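From first to last, the protein sequence lines are chains A and B.
Its first residue numbered 40, the first sequence is counted upward by one per residue in my numbering.
Its first residue numbered 3, the second sequence is counted upward by one per residue in my numbering.
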Amino acid sequence: MGGLIEITLGIMTAVGGFVDVSELVFAAQAGSRFVFSLIWVFAISTVAIAVFGEMSGRVAAITKQPVFNLMRQRLDLGPGIVALIASVVTSIITCSAEIGGTAMALKYLTGLPYSLLAGLTTLALVGIIWALPFKWIERLFGLLGLLMIVFAIATVKIHPDWGGVARGFIPQAPVSLPLKDLVTYGYFVVAIMSAVLFPYETYFYSSGGVEEQWKPKDLMVNRMVAIVGFGLGSLLAIAVLINAAVLFRPEHVDPAIIGTSALEAAIPIGKTGLLLALLGMVFAFSGAAVETGLSSAYSLAQFLGWEWGRYKKPHEAPRFTIAWIAAFALAFAILLTGIKPLDLVEWAVVLSIVVLPATYLPLILIANDRKYMNQHVNGPVSNTLGWVFYVMICLAAAAALPLYFVTQGGKL
Amino acid sequence: MKPDASLKLLAEVRDLQIVDRDGRNCGVCDDIELDGKPGGPLRIKSLLVGPGAYEGRIPKWLFWLVKRISGSRVTKVPWSAVDKISARIFLNVPGEKVGLRVVENRWVRRFEKVPTS
Chain A
40 MGGLIEITLG IMTAVGGFVD VSELVFAAQA GSRFVFSLIW VFAISTVAIA VFGEMSGRVA
100 AITKQPVFNL MRQRLDLGPG IVALIASVVT SIITCSAEIG GTAMALKYLT GLPYSLLAGL
160 TTLALVGIIW ALPFKWIERL FGLLGLLMIV FAIATVKIHP DWGGVARGFI PQAPVSLPLK
220 DLVTYGYFVV AIMSAVLFPY ETYFYSSGGV EEQWKPKDLM VNRMVAIVGF GLGSLLAIAV
280 LINAAVLFRP EHVDPAIIGT SALEAAIPIG KTGLLLALLG MVFAFSGAAV ETGLSSAYSL
340 AQFLGWEWGR YKKPHEAPRF TIAWIAAFAL AFAILLTGIK PLDLVEWAVV LSIVVLPATY
400 LPLILIANDR KYMNQHVNGP VSNTLGWVFY VMICLAAAAA LPLYFVTQGG KL
Chain B
3 MKPDASLKLL AEVRDLQIVD RDGRNCGVCD DIELDGKPGG PLRIKSLLVG PGAYEGRIPK
63 WLFWLVKRIS GSRVTKVPWS AVDKISARIF LNVPGEKVGL RVVENRWVRR FEKVPTS
């Protein structure tokens with residue numbers, strides 16, 4: 040019974056923690072621009088994050104080592120340092136975007152100034168991480184992030200063309216579109232892939248496995264959370280896309296600001312829908328801010344072999360503590376420069392996909408290494424899927440920067 | 003694996019997390035120091051820990067940058083202090099005894115003055 044509760048809570052936490060500001064923004068824009076034709080990218084990327092998430096949790100449970108420790112050993116020191124710098128920079132920019140998104144949602148709820156709310160959000164998050172144990176931090180944001188289910192309820196209420204939605208799951212390239220739109224479509228494919236597969240997710244997930252001292256007996260929970268939790272979580276992002284296609288596309292509304300997405304719940308459900316959507320966004324985005332802020336500290340501490348982890352008191356892992364507080368301070372400082380959260384989202388997804396190949400290669404290599412993993416080495420299914428998705432990520436990484444510049448970040 | 007087993011040195015020891023007898027992280031094995039004469043067998047003398055050991059492993063410009071940021075200290079951990087090696091290197095002594103955890107402990111002392119949960 041205890042195991043069942045553990046699995047259920049793990050799945051719920053994964054669902055509530057799945058959607059972050061970049062997924063929300065790209066899902067809404069994808070729906071309003073390309074109707075249902077980008078659903079397949081969410082679907083495929085979700086299978087990929089489930090495969091890599093499961094792998095990183097399994098490696099953490101068996102070797103007691105999170106991804107970043109192993110990355111250095113497999114990539115060698117020089118490329119490892121480059122990957123470290125790129126990962127930390129990406130995580131901090133993403134953290135900044137998530138804090139900005141949270142502050143925007145809070146601004147709609149309270150009417151208070153954005154900068155003040157961004158500062159209060161940063162302080163509150165630092166306070167929560169300082170005071171609460173890891174499991175509580177993860178569950179608090181994950182479970183409250185479940186308010187995002189209001190987007191799925193809205194989808195059911197607006198009666199979309201379910202046949203069209205189903206066809207959206209089939210991989211496609213709308214070749215009939217003019218070249219300009221086709222290139223933008225390509226940019227969205229890459230951006231969505233990056234937003235779903237953000238490298239911080241595996242850093243955080245595998246570090247969490249070590250934080251919670253997973254053992255081989257926890258592998259079933261790990262597998263269920265990765266497959267079911269991420270799968271259901273992805274449905275929320277797909278719901279945002281469908282709502283945008285049905286509600287915004289006919290009216291030529293471009294959900295270019297974060298608040299527009301909240302209207303997806305307000306139109307069919309009313310005031311309660313709007314309130315739940317905004318609150319869901321506050322918890323989902325701030326949960327992602329916590330994950331990214333901690334991930335940058337996890338990466339640094341693990342690469343350099345410091346004491347790390349929230350299961351230790353702050354003074355037992357002092358350099359790790361300084362690192363995550365500094366990450367939040369830097370993320371807030373970026374917001375103070377006046378850069379819009381949505382621009383940060385664009386940079387975060389483009390930088391992330393460039394970092395991804397360096398993150399996932401060591402993971403597949405270790406998960407395949409019988410010397411470390413014994414009988415828990417990759418099976419044929421996760422191995423095949425892992426390599427297929429790895430090639431996909433490399434192709435997306437190569438295309439990311441050219442597509443970003445050609446489409447001016449999807450604004451073409 | 004036991005420390006006297008034959009090792010594929012670079013692949014299996016370098017860049018691994020070092021954990022001391024008390025289960026505390028004590029840095030990463032940044033390089034190894036070998037002992038031996040031409041024609042004779044080579045033995046590991048010590049594990050090198052600290053940014054100074056990056057020299058020769060990374061491009062010069064990057065080492066220059068690392069040195070500016072974190073100095074160039076190197077601690078030599080005698081091979082006899084190694085208990086076993088798996089995905090981590092386990093020591094049979096507390097880290098302090100072989101010169102590790104110097105910076106970590108300095109910060110621990112500073113932090114002990116701050117109230118924690």
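Even glycine gets a Cβ: it sits at the ideal position worked out from N, Cα and C.
Please read all numbers here as calculations on a predicted model, not as lab measurements.
Amino acids of chain B, ordered along the chain, whose beta-carbon sits closer than 8 Å to that of residue i
| i | result |
| --- | --- |
| Gln112(A) | Arg16, Asp17, Leu18 |
| His354(A) | Val110, Phe113, Glu114, Val116, Thr118 |
| Tyr411(A) | Ser88, Ala89 |
Proximal chain B residues relative to residue i, where beta-carbon distance stays under 7 Å
| i | result |
| --- | --- |
| Thr299(A) | Neighbours of Thr299(A) on chain B: none; closest Cβ ~39 Å, over 7 Å. |
| Glu346(A) | Arg26, Asn27, Glu106 |
Residue range of the unbroken beta strand (DSSP E) whose run includes residue i
| i | result |
| --- | --- |
| Ile34(B) | 33-37 |
| Ser88(B) | Taken as a continuous stretch (DSSP letters only), Ser88(B) belongs to no beta strand (DSSP E), as it is neither H nor E. |
| Ile46(B) | 45-51 |
| Gly29(B) | 27-30 |
| Thr77(B) | 77-80 |
9 Å Cβ cut-off: residues of chain A touching residue i
| i | result |
| --- | --- |
| Pro61(B) | Gly117 |
Residue burial classification, residue i (beta-carbon count within 10 angstroms, cutoff 16)
| i | result |
| --- | --- |
| Asn108(A) | buried |
| Trp175(A) | exposed |
| Ser215(A) | exposed |
| Pro289(A) | exposed |
| Trp363(A) | buried |
| Thr47(A) | exposed |
| Asp22(B) | buried |
| Gln252(A) | exposed |
| Gly309(A) | exposed |
Short CB-CB distance (under 8 Å) between residue i and chain A
| i | result |
| --- | --- |
| Val79(B) | no |
| Leu64(B) | yes |
| Glu57(B) | no |
| Val104(B) | no |
| Arg75(B) | no |
| Val100(B) | no |
| Val30(B) | yes |
Sequence-distant residues of its chain with Cβ nearer than 6 Å to residue i (five each side left out)
| i | result |
| --- | --- |
| Leu390(A) | Thr129 |
| Leu369(A) | Ile131 |
| Gly448(A) | Glu385 |
| Met40(A) | Summary for Met40(A): the model assigns pLDDT 43, below 50, so the residue's position carries little reliability; its value from the coordinates is reported in the next sentence. Answer for Met40(A): no residue qualifies. |
| Ala66(A) | Ala276, Val279, Leu280 |
| Ile101(A) | Met412, His415 |
| Ala243(A) | A quick correction: the sequence has Phe, not Ala, at residue 243(A). These residues qualify, in order along the chain: Glu330, Ser334. |
| Gly225(A) | Leu442 |
| Gly52(B) | Arg75, Val76, Thr77 |
Min CB distance residue i to chain B below 8 Å
| i | result |
| --- | --- |
| Leu186(A) | no |
| Arg97(A) | no |
| Asn108(A) | yes |
| Phe120(A) | Before going on, a small fix: residue 120(A) reads as Ile here, not Phe. Chain B, which has a Cβ nearer than 8 Å to the Cβ of Ile120(A), makes this yes. |
| Thr102(A) | yes |
| Leu343(A) | yes |
| Arg358(A) | yes |
| Ala435(A) | no |
| Leu258(A) | no |
Own chain residues within Cβ distance below 7 Å of residue i, not counting five before or after
| i | result |
| --- | --- |
| Ala265(A) | Ala89, Gly92, Glu93, Gly96 |
| Gly312(A) | Val189, Ala193, Ala304, Ala305 |
| Ser231(A) | The question names Ser, yet the displayed sequence has Ile at residue 231(A). Counting only Cβ-Cβ distances below 7 Å, and skipping sequence neighbours, we find Phe65, Ala69, Leu77, Val80, Phe81, Ser84. |
| Ala328(A) | Cys134, Glu137, Ile138, Thr141, Leu164 |
| Leu317(A) | Ala144, Tyr147, Leu148, Ala301 |
| Arg178(A) | Leu48, Thr52 |
Contacting residues, own chain, Cβ-Cβ under 8 Å from residue i (five flanking each side not counted)
| i | result |
| --- | --- |
| Arg45(B) | Leu36, Asp37, Gly38, Trp81 |
| Ala125(A) | Leu390, Val393, Val394, Ala397 |
| Asn107(B) | Glu98 |
| Ala55(B) | Asp32, Asp33, Val76 |
| Val228(A) | Leu77, Val80, Ala435 |
Start and end residues, alpha helix (DSSP H) containing residue i
| i | result |
| --- | --- |
| Gln341(A) | 310-343 |
| Gln68(A) | 60-73 |
| Val15(B) | First-last for Val15(B): undefined, no H or E at that position. |
| Phe180(A) | 173-183 |
| Met232(A) | 218-235 |
| Ile71(B) | 62-72 |
| Pro396(A) | 380-406 |
| Asn413(A) | That residue, Asn413(A), is in no alpha helix (DSSP H); it is neither H nor E in DSSP. |
| Pro419(A) | 419-445 |
| Pro238(A) | 238-250 |
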